[in-house]
DNA sequence: GCTGATGCGTC
DNA sequence: GTCGGAC
DNA sequence: GTCCGACGACGCATCAGC
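In our numbering, the protein residues as written are 750 to 1337.
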């Protein structure tokens, strides 16, 4: 009996890959989040902690090779070729089948048409092999990747390959993400340790995850009874904290603000890149992106300037802020697009304009020396920042107190006039909530104010089929839209629109577009290679869309394009030539 | 060595 | 980034 | 209210193929 039990435990430690893919399949089929959580919990409790850790890493795309995140760099067309070759089918028919019958899901295609294969390898072996993708680079690397995929396909059943292939193309579509997994881990904790740690709630778990964003390790601590270790997690200089983000502010949700109870400040909203800077006691600099990726190599000048700043202020700790290009000569901030050009990878600096620098605008302080400030009020954190002296490229955000909506409107007008993206409204009493989108930070962008003014009418030139879950509700994934150019009598494209619009609208559009679908575009319709849709239509139907701004474009044939386009409604009252001349909105 | 297509990561 | 759908 | 995954433009790096 004892032998049998030990044996059973041994067996469970050696989890099969098929067990993992069964879990994925069950999760995918279950619509209810509650049921998904039940499935996950049962799975986590059944398997050994080491196996669960790796399973969670798999589910959250967390693969490392020599401390580097693994990138698959797999060309989707290449993937189709591999599958076609392996299953001895014609490439074009495979491609078409994936698009039309499988909602763009290469994994689903393979689970039906793949090679039958009864083997089921150990999960940990597959996991290890996946990590090895991180070592592949350079010339002929696509060939090496191809071989690796072929060898993996040889090892797993066609059903199991479904999630493997989805991993490579970057989507699981099982309706489970980190938040759900964290909840499950918390529930396991509650059952096991709830009695002993009565004051530990879900919020505490979220806080831990916020400063220690590694679900695999968190579950390992819980499953191996290392609760004290887990609960003592603190933000650590050198380890990225999850960024706090803001909710959108609308005129009609201004009720979120309670001026009688709370104090608020506004700050200009800079249209650059979020940057979290860590300075160690030894003056070592770590720069992290919004998604906790180390980006020192992208902003070398910021790192140098920060070092000076730290030295000057005897500072070490963790800072949050925004990095944005600034033209010193002409005294203006660069557009987002231009700031992006200032990022440096391996590129040489030859084209660099002398008067342009990257500024780092600091707006929060999470750790100062040995002290964790995340649970202090924002007021206190800002006060500490203001005791520091600004540096050459290192600036402090300007906070202005506001006492009513009218003042917010005034400040908003001012910010727009000064070419900021808008403004941020921050609650001075709030702590820093790592990884949360909170109402203690609100973003108020230009578009939210002048929504009517910025509505744009465009004509539909083509459409592309929807993928994944969306394909269960509607045929269309996105519309290729453009404008009519009077001067040249051409239709030129300005955007693809796939966000916005409800199911009813999209299905109505499909009915209308189906009837005017043509096999090739008319002669006066100009579409670049980068935007060839699945189907072309005769220019006829006009829709109104909303966008944040108009920017210069290389790929859209209008020469300009819409940033963050979303669908609003059909305009049956307009004909194909009555589109908005959006060039006049170009922001520079 | 150049070009075009594509992935990755930012917003 | 925006957005709608499902819970 | 929260979570999830559809969908967008764009710049840079990378690599296949010429």
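In this text, a Cβ means the ideal position worked out from N, Cα and C, and glycines have one as well.
> Taking the alpha-carbon positions, what's the residue 1005 to residue 1158 distance?
Replying inline: Against the first chain, residue 1005 aligns to sequence position 256. Against the first chain, residue 1158 aligns to sequence position 409. So the two alpha carbons sit approximately 15 angstroms from each other.
>> Tell me which residue opens and which closes the beta strand (DSSP E) that residue 1149 is part of.
In response: The sequence position of residue 1149 within the first chain is 400, counting from 1. Note, residue 1149: beta strand (DSSP E), 1149-1151.
> What are the uninterrupted segments assigned as alpha helix (DSSP H) that are 4 or more residues long and contained completely in the stretch 1164-1207, given in chain order?
Replying inline: 1195-1198
> What's the gap between the Cα of residue 1153 and the Cα of residue 1138?
Replying inline: Translated into positions along the first chain, residue 1153 becomes position 404. Translated into positions along the first chain, residue 1138 becomes position 389. Spanning the two alpha carbons is a distance of roughly 31 angstroms.
> Cα separation between residue 1111 and residue 969?
Replying inline: As a first step, residue 1111 must be located in the first chain, where it is residue number 362. As a first step, residue 969 must be located in the first chain, where it is residue number 220. If I take the Cα positions, the gap works out to 35 angstroms.
> What's the C-alpha gap between residue 819 and residue 867?
Replying inline: For the purposes of this step, residue 819 is identified with residue 70 of the first chain, where counting begins at 1. For the purposes of this step, residue 867 is identified with residue 118 of the first chain, where counting begins at 1. Each residue's Cα considered, the two are about 28 angstroms apart.
>> Residues in the same chain with beta-carbon distance under 6 angstroms from residue 857, minus the five sequence neighbours each way, listed in chain order, please.
In response: Taking the first residue of the first chain as 1, we reach residue 857 at position 108. Taken in chain order, the residues that qualify are 851.
>> Within 8 angstroms, do at least three Cβ pairs link the stretch 1176-1183 to the stretch 1200-1218?
In response: Contact fails: fewer than three Cβ-Cβ distances are below 8 angstroms.
>> Classify residue 1263: buried if its beta carbon has 16 or more other beta carbons within 10 angstroms, exposed otherwise.
In response: In the first chain, residue 1263 corresponds to position 514, counting from 1. By the 10 Å Cβ count, residue 1263 comes out exposed.
> Is any heavy atom in the ligand ADP found nearer than 7 angstroms to the beta carbon of residue 970?
Replying inline: Among the components modelled here there is no ligand, and therefore nothing to report on the ligand ADP.
> Quick one: Cα of residue 1058 to Cα of residue 1140, how far?
Replying inline: Within the first chain, numbered from 1, the residue matching residue 1058 stands at position 309. Within the first chain, numbered from 1, the residue matching residue 1140 stands at position 391. Taking the straight line from one Cα to the other gives about 6 angstroms.
>> In whole angstroms, give me the CA-to-CA distance for residue 1071 and residue 1023.
In response: Mapped onto the first chain, residue 1071 falls at position 322. Mapped onto the first chain, residue 1023 falls at position 274. Looking at the backbone, the Cα of residue 1071 and that of residue 1023 are separated by about 4 angstroms.
>> Let's test the definition: count the other Cβ atoms within 10 Å of the Cβ of residue 780 and tell me whether it reaches 16, buried, or not, exposed.
In response: Your numbering for residue 780 matches position 31 in the first chain. Flag for residue 780 reads exposed.
>> With three or more beta-carbon pairs closer than 8 angstroms as the criterion, would you say the stretch 1295-1312 touches the stretch 1229-1243?
In response: Output reads yes: the stretch 1229-1243 touches the stretch 1295-1312.
> Should residue 1236 go down as buried or exposed, given a rule of 16 or more other Cβ atoms within 10 Å for buried?
Replying inline: Counting from 1 along the first chain, the entry for residue 1236 is found at position 487. That one is exposed.
> Which whole-angstrom value is the C-beta distance of residue 1298 and residue 1312, which I expect to be below 8 angstroms?
Replying inline: Position 549 of the first chain, counted from the start, is the residue given in the question as residue 1298. Position 563 of the first chain, counted from the start, is the residue given in the question as residue 1312. Rounded, the Cβ-Cβ distance is 5 angstroms, consistent with contact.
> Considering only C-alpha positions, which residue in the set 1036, 1020 and 1080 is nearest to residue 1087?
Replying inline: Counted from its first residue, the first chain places residue 1087 at position 338. Closest option to residue 1087, Cα to Cα, is 1020.
>> So if DSSP puts residue 1018 in a beta bridge, which residue, or which two residues, is it bridged to?
In response: If you number the first chain from 1, residue 1018 lands on position 269. Beta-bridge pairing links residue 1018 to 1171.
> Which runs of the beta strand (DSSP E) fall wholly inside the stretch 1276-1308 and span at least 3 residues, in chain order?
Replying inline: 1284-1286, 1291-1295 and 1298-1301
> Would you say residue 1231 and residue 1247 are within 8 angstroms of each other, going by their C-beta atoms?
Replying inline: As a first step, residue 1231 is located in the first chain; it is residue number 482 there, counting from the start. As a first step, residue 1247 is located in the first chain; it is residue number 498 there, counting from the start. Against a cut-off of 8 angstroms, the Cβ pair of residue 1247 and residue 1231 comes out as no contact.
> Using the C-alpha atoms, what's the distance from residue 975 back to residue 939?
Replying inline: In the first chain, residue 939 corresponds to position 190, counting from 1. In the first chain, residue 975 corresponds to position 226, counting from 1. Cα to Cα, residue 939 sits roughly 14 angstroms from residue 975.
>> Using only CA atoms, which one of 1192, 1045 and 932 lies nearest to residue 993?
In response: The residue you call residue 993 lines up with position 244 of the first chain. Comparing alpha carbon positions, the residue from 1192, 1045 and 932 closest to residue 993 is 1192.
> How is residue 1087 classed by DSSP in three states: helix, strand or coil?
Replying inline: Working through the first chain from its first residue, we reach residue 1087 at position 338. In this structure, residue 1087 counts as helix in the three-state DSSP scheme.
>> Rounded to whole angstroms, what is the Cα-Cα separation between residue 797 and residue 803?
In response: By one-based count along the first chain, residue 797 stands at place 48. By one-based count along the first chain, residue 803 stands at place 54. Cα to Cα, residue 797 sits roughly 10 angstroms from residue 803.
> Between the beta-carbon of residue 933 and the beta-carbon of residue 778, is there less than 8 angstroms?
Replying inline: Residue numbering aside, residue 933 sits at position 184 when the first chain is read from its first letter. Residue numbering aside, residue 778 sits at position 29 when the first chain is read from its first letter. Cβ distance not < 8 angstroms, so residue 933 and residue 778 don't count as in contact.
> From residue 873 to residue 1068, what does the alpha carbon distance come to, in whole angstroms?
Replying inline: In the first chain, counting from the first residue as 1, residue 873 sits at position 124. In the first chain, counting from the first residue as 1, residue 1068 sits at position 319. Going by the C-alpha atoms only, they are around 38 angstroms apart.
> Which residue spans inside the stretch 1105-1150 form an unbroken beta strand (DSSP E) run of at least 3?
Replying inline: 1105-1117 and 1143-1145
>> In the DSSP output, which residue or residues are listed as bridge partners for residue 926?
In response: By 1-based counting over the first chain, the position of residue 926 is 177. In DSSP, residue 926 forms no bridge with anything.
> Taking the alpha-carbon positions, what's the residue 1273 to residue 1238 distance?
Replying inline: For the purposes of this step, residue 1273 is identified with residue 524 of the first chain, where counting begins at 1. For the purposes of this step, residue 1238 is identified with residue 489 of the first chain, where counting begins at 1. So the two alpha carbons sit approximately 7 angstroms from each other.
> Span of the alpha helix (DSSP H) holding residue 1264?
Replying inline: Residue 1264 sits at position 515 when you count from the first residue of the first chain. That run of the alpha helix (DSSP H) goes 1252-1264.
> Assuming residue 1187 contacts residue 996 under a Cβ cut-off of 8 angstroms, what Cβ separation, rounded to an integer in Å, is found between them?
Replying inline: Taking the first chain and counting its residues from 1, the one referred to as residue 1187 is at position 438. Taking the first chain and counting its residues from 1, the one referred to as residue 996 is at position 247. That pair is a contact at about 7 angstroms.
>> Tell me the DSSP secondary structure of residue 1312 in three-state form.
In response: Taking the first residue of the first chain as 1, we reach residue 1312 at position 563. Of the three classes helix, strand and coil, the one that applies to residue 1312 here is strand, per DSSP.
> To the nearest angstrom, how far is it from the Cα of residue 983 to the Cα of residue 1121?
Replying inline: By 1-based counting over the first chain, the position of residue 983 is 234. By 1-based counting over the first chain, the position of residue 1121 is 372. Cα-Cα distance, rounded: 8 angstroms.
> Relative to the alpha-carbon of residue 879, which residue among 926, 806 and 860 has its alpha-carbon at the smallest distance?
Replying inline: Locating residue 879 in the first chain gives position 130, counting from the first residue. Nearest of 926, 806 and 860 to residue 879, Cα basis: 806.
> In or out: residue 1084 buried (at least 16 other Cβ within 10 Å) or exposed?
Replying inline: On the first chain, residue 1084 is found 335 positions in, with the first residue counted as 1. It is buried - the Cβ of residue 1084 has at least 16 other Cβ atoms within 10 Å.
> Per DSSP, residue 1023 forms a beta bridge with which residues?
Replying inline: Taking the first residue of the first chain as position 1, residue 1023 is located at position 274. According to DSSP, residue 1023 bridges with 1071.
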